[in-house]
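Enquirer: All residue numbers in the sequence shown are consecutive under our numbering, ending with 92. Every residue, glycine too, gets a C-beta built ideally from N, C-alpha and C.
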Amino acid sequence: MSMAAADFVENLSSGSAMEVLPWKKNGVWKVKLVINSSRLEDILSEQVNTEALIEKMRMAAATATPKRSKGSRLAVGCKPAYSKAS
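Below, the structure written as structure tokens:
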């Protein structure tokens with residue numbers, strides 16, 4: 007396991023590598039992750055890093071302020087959704 011990958015995931019929310027995008031009609035937040043393919047491969051090679059990455063994105067979406075986007079209604083009480091590959 008690369009310690010750099012674990013450190014990167016740990017520090018994700020403090021940098022500009024992650025952006026929470028406004029949700030559309032279905033209430034699902036989208037998180038844009040800017041990362042090079044080799045770093046992503048390193049993170050996804052370890053289950054613990056993959057889970058930490060998903061959790062960081064989920065937390066970012068959960069703390070995002072709802073914004074209106076074209077054709078959407080303002081959400082109240084929406085919870086972020088994510089999927090985890092088995």
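(1) Figure out for me which residue from Ala68, Val26, Met65 has the closest Cα to the Cα of Val40.
(2) Using the beta-carbon count (16 or more within 10 Å), is Asp48 buried or exposed?
(3) Rounded to whole angstroms, what's the CA-CA distance from Ser43 to Met24? Just pull it up for me.
(4) Within 10 angstroms of its Cβ, does Asp13 collect 16 or more other Cβ (buried), or is it exposed?
(5) Spatial neighbours of Ala67 within its chain, please: CB distance less than 7 Å, with the 5 preceding and 5 following residues excluded, ordered by chain position.
(6) Any heavy atom of the ligand FAD closer than 7 Å to the Cβ of Asp13?
Expert: This is what the structure gives:
(1) Closest option to Val40, Cα to Cα, is Val26.
(2) With 16 or more neighbouring CB atoms inside 10 Å of its own CB, Asp48 falls in the buried class.
(3) Going from the Cα of Ser43 to the Cα of Met24 covers about 15 Å.
(4) Residue burial is scored here from C-beta neighbours: Asp13 has fewer than 16 other C-beta atoms within 10 angstroms and is therefore classed as exposed.
(5) Val26, Trp35, Val37, Pro86
(6) Of ligands this structure carries none, so the ligand FAD is not represented either.
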